[in-house]
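Heads up: the sequence shown begins at 6 in the working numbering, then just goes up one per residue.
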Amino acid sequence: GTLDGGHVIYALFGEKAGKAFPYIFGILIVLGLFWSGWWIWAVLLLWLGRVHAEPLDQITQLDTRRRMIALLVIVIFILTFSPVPFTVFGL
Numbered sequence: 006g007t008l009d010g011g012h013v014i015y016a017l018f019g020e021k022a023g024k025a026f027p028y029i030f031g032i033l034i035v036l037g038l039f040w041s042g043w044w045i046w047a048v049l050l051l052w053l054g055r056v057h058a059e060p061l062d063q064i065t066q067l068d069t070r071r072r073m074i075a076l077l078v079i080v081i082f083i084l085t086f087s088p089v090p091f092t093v094f095g096l
């Protein structure tokens, strides 16, 4: 398995997407100060995020429609992101 956001970034930026790894990992570590579950995601990123399955066709670029869909996915992620996903009261 892999993280789906990585698929979107890889589709848009190709091999250059790997340069984002240390930044995303660092962001997850900092977010872990607000909600400890982000540290689990950081470990998952270390475990799953380093190697990416190569697409069957690396030559053909995404067409405009597919680029727009990928950008829409990123916008939806940003708009729905919550640094503290949930809190349980009364335990």
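Using N, Cα and C, we set each Cβ at its ideal position, and we do this for glycine too.
- Straight through space, the alpha carbons of Ala58 and Ile34 are spaced by roughly 25 Å.
- In this structure, the beta-carbon distance from Val93 to Phe39 does not fall below 8 Å.
- Counting the other CB atoms within 10 Å of its CB gives Gly31 a total below 16, which places it among the exposed residues.
- Judged by DSSP secondary structure, Ile64 falls outside any alpha helix (DSSP H); it is assigned neither H nor E.
- Each residue's CA atom was taken as its position, placing Leu50 and Ser87 some 18 Å apart.
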